[in-house]
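Notes for the one structure printed next.
Residue numbers (my numbering): 135 to 289.
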């Protein structure tokens with residue numbers, strides 16, 4: 135793996151980590167949606183219709199977000215849309231038709247036309263997995279759609 139690939143992988147993993155770790159989402163989160171339903175017995179909270187979640191310079195937009203919690207703490211976030219987007223004030227933008235984040239394992243998956251961009255760097259694939267505890271990032275293609283990396287090079 136070239137140093138450019140390592141840098142891009144680390145950049146994407148760190149950006150995802152900053153966005154999705156439970157400490158990043160600590161404090162107040164503002165969520166707006168057309169519909170909200172909470173089932174306390176199952177710990178499931180469903181939000182649908184132009185869902186926008188904002189917290190400290192981060193914005194998650196989706197058609198639908200399902201939160202799963204245990205003992206009042208969110209453990210799993212499943213966001214779906216065409217596309218679902220995640221942006222930061224630092225210029226990171228990720229999108230996919232589905233974003234899943236497991237707060238217990240610190241593992242995020244962008245699926246179905248996944249793309250993560252920051253500045254002139256980007257990585258795209260059918261699926262992007264990020265283990266946020268080890269800065270590990272894996273992208274997969276499917277059928278005719280291959281993984282695509284883009285980054286500037288020194289002149």
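Every residue, glycine too, gets a C-beta built ideally from N, C-alpha and C.
All figures in this text were calculated on a predicted structure; none of them were measured in a lab.
Check, Outcome
"6 Å Cβ shell around residue 210 - same chain, five flanking residues per side excluded", "202, 236"
"Assigned exposure category for residue 185 - 16 Cβ within 10 Å defines buried", "buried"
"Which of helix, strand or coil DSSP assigns to residue 224", "coil"
"Residue 265 and residue 244 closer than 7 Å at C-beta", "no"
"Beta-carbon separation (whole angstroms), residue 200 vs residue 180, contact threshold 8 Å", "5 Å"
"Short Cβ contact (7 Å threshold) for residue 224 with residue 198", "no"
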